[in-house]
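The opening residue of the sequence shown carries number 241 in this note's numbering; numbering runs sequentially from there.
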Amino acid sequence: MLAIVAAMMIPSDLFGQAQIYTRKEKLKDLTAKTVKVVMTGDEILDEALKQSVTTAWTLSPYEFCSNEEFQKIKTDSKFYFLIVVKGQQRKEAEPGIDLLTFVKGGEGADKSIEDMLEVVTFPLRSAVDPSGREFLLLPAFLSIMQEHAQSLTDSEVKAYSPLGANASKKLRMKQVYFFKDDFAPQVGEKALESLDEDIFVKEDEDDVDEVFSDGTFNAVVSYVVAPSEPVNGSVCYKMLIGADDHKLYWYKKHRISPRQGAGFLDSDLKAIKLLRK
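In structure tokens:
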């Protein structure tokens with residue numbers, strides 16, 4: 241939904257100076273303020289966050305902090321925060337996925353993270369029994385989040401833009417590497433056989449991860465985030481991410497049902513094939 245904010249000029253001698261803070265205005269200090277990267281308490285994830293932020297975060301100054309420090313300073317608008325949160329759908333008994341969210345401190349933060357000003361949120365991994373691929377791809381996630389965050393300050397209209405695959409039109413020129421388990425169970429062999437010669441389906445996830453870790457030129461790799469044990473109504477995110485440039489070439493989501501399992505669907509493959517014509 242597009243929000244349009246209109247400001248009416250009010251004579252200062254009648255009502256004083258009127259100031260309206262739009263979303264673009266609230267985010268204008270995005271690159272100047274320090275982002276506090278909040279540690280999770282998970283040693284492996286925290287180490288991956290530290291390494292990835294150190295190598296990939298260029299948008300603004302950053303510091304690492306504990307969750308205890310976050311709780312003390314989250315209402316301070318002098319800071320932005322990068323924090324891992326749990327995502328839970330209405331029909332789920334427990335959170336199904338972890339998300340990496342970039343938010344601004346300020347009023348409302350004392351209620352919940354949902355009441356903070358969200359810059360961008362990215363699906364990170366399954367909340368239970370994650371694959372571990374998220375650690376390899378984390379620098380790309382951060383690059384994608386930063387590029388989107390920066391674009392929000394371009395105009396008032398763009399300030400409300402959701403995260404998307406802005407590079408999808410260039411997908412036709414790419415070699416695409418899918419990990420076979422990233423397809424929904426409903427996708428059959430016939431659909432896979434119909435893919436063009438520059439789309440590769442790998443049985444072993446290490447083969448796909450190697451393409452990414454090597455920064456293979458002109459290649460994109462698949463990545464799926466969904467609960468390890470989804471229920472009807474759980475959300476599945478499907479992505480294609482550039483190995484050499486860390487850009488987002490495909491980004492779709494769907495609600496999981498008996499007819500639409502977790503992973504890339506037939507409809508995704510049809511749309512990807514159309515982009516490659």
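Even for Gly, the Cβ is constructed at its ideal location relative to N, Cα and C.
Going by DSSP, which residues form a beta bridge with residue i?
i	result
Lys183	What is shown of the chain runs 241 to 517, which leaves residue 183 out entirely.
Thr341	Ile323, Thr361
Lys478	Val464, Lys492
Ala459	Gln415
Val278	Cys305
Ser453	DSSP output for Ser453 lists no bridge partner at all.
Gln500	Ser497
Relative to the C-alpha of residue i, which residue among the options is closest?
i	options	result
Lys409	Gly473, Phe504, Lys268, Ile512	Ile512
Gly482	Lys517, Leu411, Met385, Asp394	Leu411
Looking only at its chain, what residues have a beta carbon closer than 6 Å to the beta carbon of residue i, apart from the 5 residues adjacent to it on each side?
i	result
Val275	Ser300, Tyr302, Tyr320, Leu322
Ile284	none
Lys344	Tyr320, Leu357
Val359	Phe342, Ala389
Glu387	none
Ala296	Pro379, Leu382, Ser383
Closer than 7 Å by C-beta to residue i: which residues in its own chain qualify, once you throw out the five before and the five after it? Chain order, please.
i	result
Phe419	Lys442, Glu445, Val448, Ser462
Ile244	Note that Ile244 has pLDDT 35, beneath the 50 cutoff, so the model's placement of it is unreliable and the number below is only indicative. Hits under 7 Å: none found.
If you drop the 5 nearest sequence neighbours on each side, which residues of the same chain put their C-beta closer than 8 Å to that of residue i?
i	result
Lys331	Val471, Asn472, Gly473, Ser474
Ser195	Nothing can be reported for residue 195, as the shown portion of the chain is limited to 241 through 517.
Gln415	Asp438, Ile439, Phe440, Thr456, Asn458, Ala459, Val460
Leu270	Leu299, Ser300, Tyr320, Val359, Ala389, Gln390, Leu392, Thr393
Asp436	Lys513, Arg516
Ser395	Lys264
So, do the stretch 404-418 and the stretch 316-336 have three or more beta carbon pairs nearer to each other than 8 Å?
Too few Cβ pairs lie closer than 8 Å, so no.
Cβ contact check for the stretch 325-337 and the stretch 469-482: 3 or more pairs under 8 Å:
Contact between the stretch 325-337 and the stretch 469-482 is present: 3 or more CB-CB pairs across the two stretches fall below 8 Å.
Which complete alpha helix (DSSP H) runs does the stretch 367-434 hold, if anything under 4 residues is left out?
The stretch 367-434 contains these whole alpha helix (DSSP H) runs: 373-391, 429-433.
How do the stretch 278-296 and the stretch 361-380 stand: do at least 3 beta-carbon pairs fall below 8 Å, yes or no?
The answer is yes - the stretch 361-380 touches the stretch 278-296, with three or more Cβ pairs under 8 Å.
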